[in-house]
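In our numbering, the protein residues as written are 3 to 149. Cβ atoms here follow ideal geometry from the backbone N, Cα and C, with glycine treated the same way. Have a look at the structure below, then the notes.
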């Protein structure tokens with residue numbers, strides 16, 4: 003008689019939690035739902051899945067490049083953001099970097115100190131979630147001199 007809606011909301015699906023007192027240094031690759039209440043210094047990449055969601059709480063801090071299909075932000079990001087589907091910026095969201103998106107929601111109080119770039123079919127290759135791993139340890143130009 004009564005039918006249940008079997009669709010799961012992207013905002014409520016959670017596979018991984020990075021707690022408030024946790025700090026991760028290094029790249030993070032995930033699928034499904036990732037919520038960050040702590041901090042991550044490194045790039046965050048969702049595996050090629052259109053339903054993956056990164057949620058950044060108001061205590062969360064990210065420093066690095068973010069490439070995910072769906073993103074809910076209420077914390078701070080220092081780096082470029084690439085979202086193949088949807089970006090939602092809540093009232094306490096602060097981004098230092100460019101935001102590449104298909105759909106954008108922005109609440110009053112959210113800050114973006116960079117460009118908002120809506121992606122279309124013509125320039126959609128920028129949002130390709132595939133990326134190359136860069137080995138900074140073997141690049142002599144990136145080494146510090148002790149002199």
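Provide the residue(s) that pair with residue i in DSSP beta bridges, ordered along the chain.
i	result
residue 18	36
residue 78	63 and 96
residue 115	98
residue 122	Looking at the DSSP assignment, residue 122 forms no beta bridge with any residue, so it has no partner.
Quick one: what's got a C-beta closer than 7 Å to residue i's C-beta in the same chain, skipping five residues either side?
i	result
residue 96	78 and 113
Who are the near neighbours of residue i in its chain, counting only those whose CB is closer than 6 Å to its CB and skipping five residues on each side?
i	result
residue 47	31 and 69
residue 36	18 and 56
Per DSSP, what kind of secondary structure is residue i in: helix, strand or coil?
i	result
residue 25	strand
residue 88	strand
residue 135	Confidence at residue 135 is low in this model, with a pLDDT of 45, below 50, so the placement of that residue is unreliable and no value is reported for it.
residue 52	coil
residue 108	strand
residue 72	strand
Please return the same chain residues whose Cβ sits closer than 8 Å to the Cβ of residue i, not counting the five positions on each side in sequence.
i	result
residue 44	26, 27, 28, 29, 30, 65 and 66
residue 61	22, 39, 40 and 77
Out of the options, which one is the CA nearest neighbour of residue i?
i	options	result
residue 89	63, 80, 115 and 58	58
residue 99	16, 116 and 106	116
Under 8 Å, Cβ to Cβ, is there at least one residue of chain C near residue i?
i	result
residue 17	In the structure shown, chain C cannot be found, because there is only a single protein chain.
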